[in-house]
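Protein chains in written order, with this note's numbering: chain L, 2 to 283; chain H, 2 to 283; chain A, 2 to 283; chain R, 2 to 283.
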């Protein structure tokens, strides 16, 4: 498919999420942080908010290393009902405290339309997770807020379906949508998912929305976070979402893909020359 | 993987949805209709409730042909926000009228935790669609009701993830769960999805829950509904979910996979000898 | 895609493998055995020819139970170079002896253009395995023979690519081609492959070539061979390819998916009423 | 899976293709060109050798822009038997002439064991294409030569299967094997394949063999070749295989993914700062 063909196909179904001829990309502001500009931004932090101490430590470490935002889950969509389900509002309060200490804006997931108001009181950016990418009542609800949205790709969703989901949010009036590639499901078993980096330049062609990449979920293995972060930026991503835990081996969820603070500092250091090579900075 | 290995793997994560040694299968009752017994049941009707006339006609036709239940969507999860989104409560009222005329119990989809109470007032069985298979707030909410649940497989969900989602419902106290295979996403493009019939005997090994199959969504092409319905029953399915529309070419959704009433009658006729060959009836 | 659309798409690339308006299906004769007629045929035997004793025992058992052909591999395409690679010509001689004792025609795999002449001296039907479906020099070579060909589907090949491979054989002059579905690669891990039974009715629409199914490789688990064989026949398959080993637990390859002779007899018995329900016999 | 787990799993099946504790990577020499060292190498040229003029023009252009090797197919594995199948030996002679003019070593595909001797007379490096990754007679035959091998990943092969195929070559005595990622088959339709860049760092962990990437076949769209080439290098690839045609719109195969010479020059220019950022050069 050529660029023109792809845009033609999409334009019969998608309007606001499509880039017009000659349009620049949109930037999305989360508090003072601009996503989609020259600066590449990194949102980092633990998969789950587990304790006050763990979250504040993580927040200080990622701030110091150069992160622009703090990520962390208070409502967790876990495959098994017997897994840790998150601290709920208590977790949101811990995140808010971490923000007041570090100044980092917070991105955190919301799972249900009923919780949008509650989570929106604490979060600076609402995350729609991969499992909820086609949860249309949730998309409509967050579309009615003015909080910026981080819309993760469903793990078996095509780019067309992903943009259609963005359209649900945009159509309700919320124009601050950032897309986040986080790996698709394939037959390969040596990674948890297959990170589809070719989605980045395709999205850059067809949509004005900024694009981030989650190399932690996208691979499921911390050894791959450094090279795939470099690759994501080289492919044109506007930012990264990285899991960092003060003690990954004790994490209640996704420990095997979390970086420790030292590894995160070295990640940021290694990304700067790549950003520069592309005429951007970090 | 042998049966034993599969059960061992699952039992670390799933409890109530697993079949114990020597257990019989569970049967689920929807009004007078028993799912999971010797009788193979067919739930049929339009993809969407579009008008009173269309729905009542469809209901009468499928009843006459031998269907045991009426299916039809009032809340529709559509990929594009510009597609017909369903009639909402008005559609539920039409379904209720169709039930009162034909006596067929109704199965219809619920998309959001907030709508569970409303939809539950009209429906005899609540459908959780493929896109919501991992919508955990929704699973928990329907788990708190006493209405039987039809849990469709996510189109890229493993059998293990599917059973984990069933476990969310069972854990809340609702023990009336029926699983429905509806096709998985693969590289093949001549069908909309690839119907995974091997899921049926695997489920029969590891879980006591009844299993239905949706050959309409599972293939996306009406020409395939007859042979794949026969195959599903031959593989051990307890029932089918079939789209029937009085005038498929005028359908507002999924017309290309809907049978017309005559084709549905011939479907039922063709399935009876297969059921008999397996010692069951329909 | 409707039938018409599918045929239109294919006809720009495929000619001889396409069914014309009103054409009947082709039948392929392997010695006295007709594939594609009213009778459903079963080719059975061990994955690999391991010893004379094992092969002759398997041949007698499958003959007695009702098989029409003997299958067995002398040249084995194994993922690891350290796995048993087959007995080569010695294996072919054992197969020929089994044929002379039982009268069953032999289907066996050929891996290389250079071996076509050798294997063709012993085999009644040449099998092209899944890994070689797009080995065009091999397809061209077998296309120059007059030996019937069993063309397995590549495990990640679309139906269109499969028919294009059949076209390579047909174009060289060999019109005796039987297609064999053997499972496609998907994300699901509880089976080795996902048996794509919807391929059967699609093929029946678009090509006159007979269609067989291999439920042993297609699932990788012997517990699934019975239900998936029933389903394959109910979906319209013209025959089955089933792995049977006198002592599956001692097999040098694919033991976990092989039936023992008793289970094979019970398989055949269970398939007869399904065949009858469809107006066929076995 | 952690690094240790992955290596443990592989080591039961693969020996020579596995990296030992503390081993350095292997480098492979193709005439004077070293693959796997600090220098990132680019092999470029047309998909098919079509005419003497087209090939010599392409060779001069890619040489001038900075390519280290010339790629071009004389034996083409085409899905349809009615597509252009390559010029055969005449094409090999044109490639040899291009080499004598430009000094660029030649990499070209061999499809059949019988052609290994012929193609080996002209080629400096033999390519095993994706469709032949599990063509074991071919792997064994090229393993008996001393010509370096470029082993492309099968489009639905796991990394484990890919390394097992490399093992077939290494086991026969040929230790000059370079792996080439070229995209895997997934459900996504906006690209021809999904380029799996996470394979690069995984291979770097477990095998000493050099790794190249083919962004042309891996995406099927020329607009994606620049960003995905940058990403491949940032992820750690040792080289690229890029399709360049003097007039892409007239190409007999794969025109939509071929760069024109100007775009190729700009590609090389854009890759140099990325290579430098990683402490390598190009």
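Yeah, the Cβ is synthetic: ideal placement off N, Cα and C, and Gly gets one too.
Each residue's CA atom was taken as its position, placing residue 83 of chain R and residue 143 of chain L some 53 Å apart. Chain-order list of chain A residues neighbouring residue 197 of chain H: 189 and 195, by C-beta distance under 7 Å. Here residue 54 of chain H is exposed: its Cβ has fewer than 16 other Cβ atoms, across all protein chains shown, within 10 Å. Residue pairing of residue 234 of chain L in beta bridges, as defined by DSSP: absent, with no partner found.
According to the DSSP assignment, residue 46 of chain L belongs to the beta strand (DSSP E) that extends over 42-46. In the three-state DSSP reduction, residue 120 of chain R falls in the helix class (H, G or I).
Nearest C-alpha to residue 265 of chain A among A/66, A/31 and A/7: A/66. Annotation note: the stretch 135-192 of chain H contains the following uninterrupted beta strand (DSSP E) runs of length 3 or greater, listed N- to C-terminal: 150-153 and 178-182. In chain order, 221 place their CB closer than 6 Å to the CB of residue 193 of chain L, counting only its own chain and leaving out the 5 sequence neighbours on each side. Any Cβ of chain R closer than 8 Å to the Cβ of residue 7 of chain L would place that residue at the interface, and such an atom is present. When rounded, the separation of the alpha-carbon atoms in residue 267 of chain A and residue 228 of chain A is 12 Å. Rounded to the nearest whole angstrom, the C-alpha separation of residue 56 of chain R and residue 49 of chain R is 9 Å.
Residue 186 of chain A belongs to the set of residues whose beta carbon lies under 8 Å from a beta carbon in chain L. CA-CA distance, residue 91 of chain L to residue 184 of chain R, rounds to 44 Å. About 6 Å separates the Cβ atoms of residue 236 of chain R and residue 202 of chain R, confirming a contact at the 8 Å cut-off. Scanning chain L for C-beta atoms nearer than 8 Å to the C-beta of residue 157 of chain R yields 188, reported in chain order. Every alpha helix (DSSP H) of 4 residues or more that sits fully in the stretch 33-120 of chain H is shown, in chain order, as 53-66 and 90-103. For residue 237 of chain L, the nearest beta carbon of chain R is closer than 8 Å to its own beta carbon. Residue H/170 holds the alpha-carbon nearest to the alpha-carbon of residue 16 of chain H among H/270, H/41 and H/170.
Contact between the stretch 124-131 of chain A and the stretch 95-109 of chain R is absent: fewer than three C-beta pairs spanning the two stretches fall below 8 Å. In this structure, the straight-line span from the alpha carbon of residue 58 of chain L to that of residue 246 of chain H is close to 59 Å.
Residue 175 of chain L is classed as buried because its beta carbon has at least 16 other beta carbons within 10 Å across all chains shown. Looking at the backbone, the Cα of residue 218 of chain A and that of residue 261 of chain H are separated by about 37 Å. Burial state of residue 25 of chain L is exposed, judged by a 10 Å Cβ sphere holding fewer than 16 other Cβ atoms. From the beta-carbon of residue 137 of chain A, the residues of chain R found nearer than 7 Å are 78 and 112. For residue 244 of chain R, the uninterrupted beta strand (DSSP E) segment begins and ends at 240-244. In this structure, residue 211 of chain R keeps its C-beta atom at 8 Å or more from the C-beta atom of residue 10 of chain R. Under DSSP, residue 195 of chain R takes part in a beta bridge, and its partners are R/185. Residue 85 of chain L counts as exposed, since fewer than 16 other C-beta atoms from the protein chains shown sit within 10 angstroms of its C-beta.
Only those residues of the stretch 264-275 of chain R whose C-beta falls short of 8 Å from the nearest C-beta of chain L are listed: 274 and 275. Residue 234 of chain R is not a Cβ neighbour of residue 36 of chain R, given a cutoff of 8 Å. Between residue 149 of chain H and residue 114 of chain H, the C-beta gap is not smaller than 8 Å, which leaves the two residues out of contact. For chain A, the residues of the stretch 162-175 of chain R that bring a beta carbon within less than 7 Å of one of its beta carbons are 162, 165, 168, 169 and 172, in chain order.
Linking residue 154 of chain H to residue 177 of chain H through their CA atoms gives a straight-line distance of about 16 Å.
Within chain L, the residues whose beta carbon sits less than 9 Å from that of residue 228 of chain R are 198, 199, 201, 202, 205, 235, 236 and 237, listed in sequence order. Residue 225 of chain A carries a helical assignment under DSSP once its states are collapsed to helix, strand and coil.
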